[in-house]
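Each residue of the sequence shown is one higher than the one before, counting from 1 in the UniProt record's numbering.
Structure first, commentary second.
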Amino acid sequence: MSTADNRKKVALVAASDMTVIAFLRAHIVALAADHDVTVITNTADPERISADVRGVRVISIPFARPIAPMLDLQCLARLTRVFHRERFDLVFSVTPKGGLMAMVSGCLARVPSRIHMFTGQVWATRTGLGRTLLKMADRLIARCATHVLADSASQRQFLIDQGITNDKRSAVLASGSISGVDAVRFRPSVEARQAVRRSLGVAEDAVVLLFVGRLNRDKGVLDLAAAFSALSASIPGCVLLVVGPDEAGLRHEVEVLVGAAATLHFVDFTDHPEHFMAAADVFCLPSYREGFGTVIIEAGACGLPVVASRIYGLTDAVVEGETGLMHEAGDVGGLVDVLAQLVRDADLRARMGRAGRGRATNEFSAMVVTGALTAFIGSLLRSGAEGQHETRV
């Protein structure tokens, strides 16, 4: 329902406030210029989200990240009450649980426009009952949404092939990505390179391989550890830098796989991944599932060549042979081979790094991605797309 001055009411929903802060901040700022924006997420610090953004409200609801039937029903009931009370014109959701709760609640409350953006499928690497249940949840999200977005073209095709959505009801905005990259923040920096290497005790001439992300099996971090061990045996002097929270308790296993003879550094958490990207020479993401791989575009913006697995999502983020090299997911030997090519060839690293920065800034700038999303939302709000079940871009 529009407010008195004809500003439309928009809700952005995500299960975690970290997702909001990391990926939705620019969208919130842009949308708040023309609409009344409410962010609904699980947060203990609403000010961290709404600071410096005039007119944005934050409502905290305790989303449970894993499947938790009783908590999920309570969350669904509470969110539905909020939607009934606020009478939003449009709801936009990300994250699996945030999407499930928002799309079902939005449908029950008859929010006219309901958009969900898929950013990867948890069930892609699962088997058995777990895969079936999670896949059913994504089908329900798509069924309850009026518009389905994917953050990469290959992910959209995967969703269509798996029967989650169809060609008419799904789209990718611009070239993809949930939020794009801030090319001013993510850029080559001699100062950051020197400072990080000095703090870690890494020599300036060492070739540093970097992983940034949550430490879990799906990210391929164990494959990277095994590959780095083999690589170090044949090419001494390399360094592996792993940056991110150890959410699956894999640090010890990584250390064992790498071995005592190789140089390994861990950084548990950082608000400045761009500093570590500036300090590195090759970015590595041997993942088993990704929706797009925004971190690859961020690394590219920092001038890094990329090594990544050849899976849907990452094939959109990497131009193979131009901005990076690829290998089959789970193929440790193939990973060793492509890493060795880049470690041995400084000219190849420089050439791919330049190409990666050019592509990141030209096709995936935050301004382009945010502009595409706000234009899409604006067109829906202007058209009053109640009951419409076809995505138009």
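A virtual CB, placed ideally from N, CA and C, is assigned to each residue, including glycine.
Can you give me the Cβ contacts of residue i inside the same chain, cut-off strictly under 7 Å, excluding the 5 residues immediately before and after it?
i: A167; result: Here the sequence assigns Asp to residue 167, which means Ala is not the residue at that position. For D167, where only same-chain residues beyond five positions count, the Cβ hits under 7 Å are I160.
i: M18; result: none
i: R131; result: W123
i: R357; result: G300, A301, G303
i: S175; result: E363, F364
i: A247; result: Note that residue 247 corresponds to Glu in the displayed sequence, not to Ala. The answer, listed in chain order, is R214, L215, N216.
i: E390; result: In this prediction, E390 has a pLDDT of 44, which is less than 50 and means its spatial position is unreliable; what the coordinates show is noted afterwards. The residues are K168, R169.
i: I141; result: G99, L100, M103, H116
i: A230; result: V336
i: E253; result: L222
i: P46; result: V58, S60
i: S189; result: A278
i: F158; result: Y312
Where does residue i sit, in a helix, a strand or coil, going by DSSP?
i: V319; result: coil
i: G324; result: strand
i: E42; result: Sequence inspection shows Asn at residue 42; the Glu mentioned does not correspond to that position. Strand.
i: R392; result: Low confidence applies here, because R392 scores a pLDDT of 39, under 50, leaving its location unreliable; read the following figure in that light. Coil at R392, not helix or strand.
i: I215; result: Note on residue identity: the sequence assigns Leu, not Ile, to residue 215. If DSSP states are grouped into helix, strand and coil, L215 belongs with coil.
i: I115; result: strand
i: S175; result: coil
i: T370; result: helix
i: H35; result: coil
i: F63; result: coil
i: A262; result: coil
i: V20; result: helix
i: R57; result: strand
i: F283; result: strand
i: L314; result: helix
i: S152; result: coil
i: V13; result: strand
i: L335; result: helix
i: V256; result: helix
i: A192; result: helix
i: L159; result: helix
i: A248; result: coil
i: V239; result: strand
i: L304; result: coil
i: V295; result: helix
i: V181; result: strand
i: V202; result: coil
i: A385; result: Bear in mind that the predicted position of A385 carries a pLDDT of just 45, short of 50, making it unreliable; the figure below should be weighed with that in mind. The answer is coil: DSSP assigns A385 none of H, G, I, E or B.
i: R7; result: coil
Could you check how far apart the C-beta atoms of residue i and residue j are, in whole angstroms? I think they sit under 8 Å.
i: L240; j: L339; result: Going by Cβ atoms, the distance from L240 to L339 rounds to 10 Å, so no, they are not a contact pair.
i: F92; j: V10; result: 7 Å
i: R214; j: P245; result: 6 Å
i: C144; j: G106; result: 7 Å
i: L79; j: K8; result: 19 Å between Cβ atoms; not a contact.
i: T294; j: S177; result: 6 Å
i: A262; j: S232; result: 4 Å
i: G180; j: T370; result: 7 Å
Quick one: residues in its chain with C-beta nearer than 6 Å to the C-beta of residue i, no 5 flanking neighbours on either side, listed in chain order?
i: residue 396; result: A query on residue 396 cannot be resolved here, the shown segment of the chain reaching from 1 to 393 and no further.
i: T95; result: A14, A15, T19
i: I235; result: V343
i: D138; result: I164
i: V29; result: V53
i: F186; result: E274, E298, A301, C302
i: F88; result: K9, A11, V111
Going along the chain, which residues of its own chain have a beta-carbon closer than 8 Å to the beta-carbon of residue i, five neighbours each way excluded?
i: E328; result: S309, R310, G334
i: R54; result: A32
i: I296; result: F283, L285, V306, A308, L314, A317, V318, G324
i: T43; result: D17, V20, I49, V58, S60
i: residue 394; result: Nothing in the structure corresponds to residue 394, since the chain is present only between 1 and 393.
i: R65; result: A15, S16, K97
i: D218; result: T125, S287, Y288, R289
i: G291; result: F118, T119, G120, Q121, A150, D151, S152, Q155, I178, G313
i: L348; result: P305, Q341, L342
Just to check, is the beta-carbon of residue i closer than 6 Å to a non-hydrogen atom of the ligand HEM?
i: G244; result: The model depicted lacks the ligand HEM and carries no ligand whatsoever.
Closer than 7 Å, CB to CB, is residue i near chain B or not?
i: V13; result: This model lacks chain B altogether, as it is built from one protein chain only.
Item checked: Three or more C-beta pairs below 8 Å linking the segment 252-262 and the segment 219-229 -> The segment 252-262, when compared against the segment 219-229, does touch it at the 8 Å Cβ threshold.
Notebook entry, point to check: Should the segment 265-279 be regarded as contacting the segment 184-200, the criterion being three or more beta carbon pairs within less than 8 Å?
Noted result: Judged by Cβ distances under 8 Å, the segment 265-279 makes contact with the segment 184-200, as three or more pairs qualify.
Check: Would you say the segment 32-52 touches the segment 117-129, given that touching needs at least three Cβ pairs under 8 Å?
Finding: no
Notebook entry, point to check: Whole alpha helix (DSSP H) runs in the segment 98-148 with 4 or more residues, listed along the chain?
Noted result: 128-144
Margin query: Check whether the segment 312-321 and the segment 151-160 touch, using three or more Cβ-Cβ pairs below 8 Å as the test.
Written below: Touching, per the Cβ criterion.
Notebook entry, point to check: Is the segment 106-120 in contact with the segment 76-89, if contact means three or more CB pairs nearer than 8 Å?
Noted result: Taking one beta carbon from each stretch, the segment 106-120 and the segment 76-89 have 3 or more pairs nearer than 8 Å; the two touch.
Next item on the list: Give a yes or no on contact between the segment 262-277 and the segment 338-352, applying the rule of three or more CB pairs nearer than 8 Å.
Entry: no
Note to self: Give the list of continuous beta strand (DSSP E) stretches no shorter than 3 residues that lie fully inside the segment 69-96.
What the structure shows: The segment 69-96 contains these whole beta strand (DSSP E) runs: 90-93.
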